[in-house]
Amino acid sequence: MLNAKGRRCDVCARSPLLFFIFILSDVLARFKVIVMNYFGYQVELYKHIRKKQIFLIKIMFLHSKIALQNTPLRLLQ
1 MLNAKGRRCD
11 VCARSPLLFF
21 IFILSDVLAR
31 FKVIVMNYFG
41 YQVELYKHIR
51 KKQIFLIKIM
61 FLHSKIALQN
71 TPLRLLQ
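Sequential numbering of the sequence shown, starting at 1, is according to UniProt numbering.
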């Protein structure tokens, strides 16, 4: 994602793949709102959906970070 200065955030700058995942999830959330509105469903605001996705991505990132810290190779160091 971009910060206030228009640059990539630190995490995205370090990992192009993570930056791609953020962009892809953003596009998919917008597409979901458009499609559901087209079919007449009441949809949460886009920003609420996006906040929920960012929260889930953060949980996945923290989980993978904890898993890496508990690997046997890490314990040998």
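For glycine and all other residues, C-beta sits at the position ideal for the given N, C-alpha and C.
- Phe22 counts as buried, since at least 16 other C-beta atoms from the protein chains shown sit within 10 angstroms of its C-beta.
- With contacts defined by Cβ atoms closer than 8 Å, Gln53 and Ser15 do not form a contacting pair.
- Per DSSP, Phe22 is one residue of the alpha helix (DSSP H) stretching across Pro16 to Tyr38.
- Counting only the Cα atoms, Asn37 lies some 30 Å from Leu17.
- Taken atom to atom, the span from the alpha-carbon of Ile34 to that of Lys51 is near 17 Å.
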